[in-house]
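Novice:
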Amino acid sequence: MTILITGSTGLLGQALSRRFAQFGDVVGLSRHAPASAAGRHVICDLTDARRTAQVIQTVRPEVLVHTQAQSDVDRCELEPEEARAQNVETTAHVVEALRTSACWLVYVSTDYVFDGRKGAPYDEQDAPHPISVYGRTKLEAEYRVLGYPRGLIVRPSTLFGPGRMNFCDRVAQAALAGITVEAFEDQATSPSFTEDVAETMHDLIVALAKGRPLTSRIYHVANTGGCTRLAFARRVVELLGCSPRCVRPVRMAALKLPARRPTSSILTTVALPPLIGRNLRSWEDALRGYLRQRYPVQGHMAESMR
30 MTILITGSTG LLGQALSRRF AQFGDVVGLS RHAPASAAGR HVICDLTDAR
80 RTAQVIQTVR PEVLVHTQAQ SDVDRCELEP EEARAQNVET TAHVVEALRT
130 SACWLVYVST DYVFDGRKGA PYDEQDAPHP ISVYGRTKLE AEYRVLGYPR
180 GLIVRPSTLF GPGRMNFCDR VAQAALAGIT VEAFEDQATS PSFTEDVAET
230 MHDLIVALAK GRPLTSRIYH VANTGGCTRL AFARRVVELL GCSPRCVRPV
280 RMAALKLPAR RPTSSILTTV ALPPLIGRNL RSWEDALRGY LRQRYPVQGH
330 MAESMR
């Protein structure tokens with residue numbers, strides 16, 4: 030099976046490339062040449078419809094996982110036309126290039142398609158209502174994918190893992206250096222380990238390959254549970270054995286950021302377990318495993334990792 034992964038140099042794209050390499054012929058795609066790449070790789074600007082079609086026709090994937098996006102929420106707010114080009118138009122070009130094929134398209138969306146006002150975790154049946162340019166462009170891209178008969182949506186939440194800097198690593202590295210970091214006390218998400226998300230998406234694609242009936246066309250893929258950014262940062266610091274004073278609470282409004290964020294976009298995974306036979310582990314178990322692997326631990330730090 031040939032699997033084409035757009036955005037293969039991104040945080041999730043790297044995890045997907047590693048995982049799917051055990052399953053089939055993986056071809057990575059990105060806008061710029063990677064520092065290193067395992068397997069085949071092509072450079073393509075997906076805003077170029079002709080080049081996008083050319084690459085897809087050449088690779089002839091059986092599964093295309095579309096992760097490439099402009100995910101800087103504030104930049105999207107400041108540059109809405111560019112956000113639409115990167116998030117909506119690229120997706121439209123991919124869909125059009127696949128129109129006459131039998132390829133499965135798996136689109137990686139976001140929890141930011143929700144406004145955060147539900148007061149409980151969001152499942153796949155909840156109606157989206159984005160409150161930022163980023164969320165709106167990702168939702169519009171979802172609609173484009175759902176217009177393709179073999180298109181599926183995967184929504185992860187706040188990602189952490191190896192390969193690129195992320196909130197978890199910023200907190201960890203600051204704490205280990207004795208530097209204070211700020212974390213939102215009024216925003217809750219479902220922290221999601223990229224390796225777990227990649228493994229689950231792998232299982233989803235295996236289910237597709239085996240012809241299992243779909244339980245949905247939208248799947249929430251996030252580690253179980255949720256917490257505020259502040260609670261997550263404090264847990265990182267605690268597991269590393271660092272001083273809790275390294276984390277300072279802050280409210281979103283205090284930073285006057287360009288884009289609004291949902292106050293609670295915790296996800297619950299309802300549609301996926303019946304298809305793949307399991308749920309994801311808790312975010313705390315995933316975090317503990319990642320920190321143990323990513324950062325050297327000694328003495329009392331090792332004790333907190335158990």
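Residue numbers for the sequence shown follow the numbering used here, so the first one is 30 and each next one is one higher.
Note that beta-carbon positions come from the ideal geometry of N, C-alpha and C, so glycine has one too.
Every value quoted in this text rests on a predicted model; they were computed, and no experiment measured them.
Excluding sequence positions up to five away, which residues of its chain have a Cβ less than 8 Å from the Cβ of T229?
Specialist: Against the sequence shown, residue 229 aligns to sequence position 200. Answer for T229: V250, L301, I305 and L309, listed in chain order.
Novice: Measuring alpha carbon to alpha carbon, tell me which of P63, A204, Q154 and I85 ends up nearest T244.
Specialist: The residue labelled residue 244 in the question sits at position 215 within the sequence shown. Comparing Cα positions, the closest option is Q154.
Novice: Just to confirm, is the Cβ distance from R193 to L40 under 7 Å?
Specialist: The residue you call residue 193 lines up with position 164 of the sequence shown. The residue you call residue 40 lines up with position 11 of the sequence shown. Taking 7 Å as the Cβ cut-off, R193 and L40 qualify as a contacting pair.
Novice: Confirm, please, whether the CB-CB distance from C105 to V141 is below 7 Å.
Specialist: In the sequence shown, the residue the question calls residue 141 occupies position 112. In the sequence shown, the residue the question calls residue 105 occupies position 76. The sequence given here places Tyr at residue 141; Val does not occur at that position. No, the Cβ-Cβ distance between Y141 and C105 is not below 7 Å.
Novice: For a test of the three-state rule: what should DSSP assign to S186, helix, strand or coil?
Specialist: Taking the first residue of the sequence shown as position 1, residue 186 is located at position 157. Of the three classes helix, strand and coil, the one that applies to S186 here is coil, per DSSP.
Novice: Using CA coordinates, which residue listed in V102, I160 and Y172 is at the minimum distance from V124?
Specialist: For the purposes of this step, residue 124 is taken as residue 95 along the sequence shown, with counting starting at 1. That would be Y172, whose Cα lies nearest to the Cα of V124.
Novice: Quick one: what's P278 bridged to in DSSP?
Specialist: What you label residue 278 is simply residue 249 of the sequence shown in a count that begins at 1. Note: P278 sits in a beta bridge opposite A212.
Novice: Between which two residues does the beta strand (DSSP E) carrying Y141 extend?
Specialist: Looking up residue 141 in the sequence shown gives position 112. Neither: Y141 is in no beta strand (DSSP E) and is coded neither H nor E.
Novice: Give every residue of the same chain whose Cβ lies closer than 6 Å to the Cβ of V137, excluding the five residues on either side of it in the sequence, and list them in chain order.
Specialist: Indexing the sequence shown from 1 puts residue 137 at position 108. Here the set comprises T96 and V183.
Novice: Between the alpha carbons of N252 and V226, how many angstroms are there, rounded?
Specialist: Numbered from 1 along the sequence shown, position 223 holds the residue referred to as residue 252. Numbered from 1 along the sequence shown, position 197 holds the residue referred to as residue 226. About 8 Å.
Novice: Can you give the beta carbon distance from S186 to S294, rounded, assuming they're within the 8 Å contact cut?
Specialist: On the sequence shown, position 157 is the one that residue 186 refers to. On the sequence shown, position 265 is the one that residue 294 refers to. Yes, S186 and S294 are in contact; Cβ-Cβ is about 7 Å, under 8 Å.
Novice: Anyone know if the C-beta pair for A44 and E211 falls short of 7 Å?
Specialist: By one-based count along the sequence shown, residue 44 stands at place 15. By one-based count along the sequence shown, residue 211 stands at place 182. No; because the gap between Cβ atoms is not below 7 Å, this pair is not in contact.
Novice: Label A331 either buried or exposed according to how many other C-beta atoms from any shown protein chain fall within 10 Å of its C-beta, with 16 as the threshold for buried.
Specialist: As a working note, residue 331 is residue 302 in the sequence shown. Note that A331 has pLDDT 46, beneath the 50 cutoff, so the model's placement of it is unreliable and no number is given.
Novice: Residues in the same chain with beta-carbon distance under 6 Å from V71, minus the five sequence neighbours each way, listed in chain order, please.
Specialist: Residue 71 sits at position 42 when you count from the first residue of the sequence shown. Here the set comprises L58 and V84.
Novice: Under three-state DSSP, which class holds S294?
Specialist: Walking along the sequence shown from the start, residue 294 turns up at place 265. The answer is coil: DSSP assigns S294 none of H, G, I, E or B.
Novice: Buried or exposed: where does L239 fall if 16 or more other Cβ atoms within 10 Å of its Cβ makes it buried?
Specialist: Counting from 1 along the sequence shown, the entry for residue 239 is found at position 210. The question names Leu, yet the displayed sequence has Lys at residue 239. K239 should be labelled exposed.
Novice: Does any residue of chain B have a CB that is nearer than 7 Å to the CB of S100?
Specialist: Absent here is chain B; the protein component of the structure consists of one chain.
Novice: Under 7 Å between the Cβ atoms of H122 and L168?
Specialist: As a working mapping, residue 122 is identified with position 93 in the sequence shown. As a working mapping, residue 168 is identified with position 139 in the sequence shown. Not closer than 7 Å, so no.
Novice: DSSP state of A120, grouped into three classes?
Specialist: Here the question's residue 120 lines up with position 91 in the sequence shown. For clarity, residue 120 is Thr in the given sequence; the question names Ala instead. Here T120 sits in helix by DSSP.
Novice: Return the first residue and the last residue of the alpha helix (DSSP H) that H231 is part of.
Specialist: Residue numbering aside, residue 231 sits at position 202 when the sequence shown is read from its first letter. Segment T223 to A238, the alpha helix (DSSP H) holding H231.
Novice: Starting from the C-beta of Y248, find all residues in its chain whose C-beta is less than 6 Å away, skip the five residues before and the five after it, and write them out in chain order.
Specialist: Here residue 248 is taken as the residue at index 219 of the sequence shown, counted from 1. Closer than 6 Å at Cβ, skipping near neighbours: V183, A300 and L301.
Novice: Taking just the CA atoms, how far does E91 sit from G328?
Specialist: Residue 328 sits at position 299 when you count from the first residue of the sequence shown. Residue 91 sits at position 62 when you count from the first residue of the sequence shown. Confidence in G328 is poor, its pLDDT being 37 and thus under 50, which makes the residue's placement too unreliable to answer from.
Novice: Do you know whose CA, among R113, R246, S311 and S46, lies nearest H231's CA?
Specialist: Looking up residue 231 in the sequence shown gives position 202. Closest option to H231, Cα to Cα, is S46.
Novice: Is T119 buried or exposed, if buried means 16 or more other CB atoms sit within 10 Å of its CB?
Specialist: For the purposes of this step, residue 119 is taken as the residue at position 90 of the sequence shown. The residue in question, T119, is buried, as its Cβ has 16 or more Cβ neighbours within 10 Å.
Novice: Mind reading off the beta-carbon distance from T38 to V56? Whole number of angstroms is fine, and I expect it under 8 Å.
Specialist: Here the question's residue 38 lines up with position 9 in the sequence shown. Here the question's residue 56 lines up with position 27 in the sequence shown. Not confirmed; about 13 Å, so no contact.
Novice: The beta strand (DSSP E) spanning D103 covers which residue range?
Specialist: For the purposes of this step, residue 103 is taken as the residue at position 74 of the sequence shown. Taken as a continuous stretch (DSSP letters only), D103 belongs to no beta strand (DSSP E), being part of the alpha helix (DSSP H) at V102 to L107.
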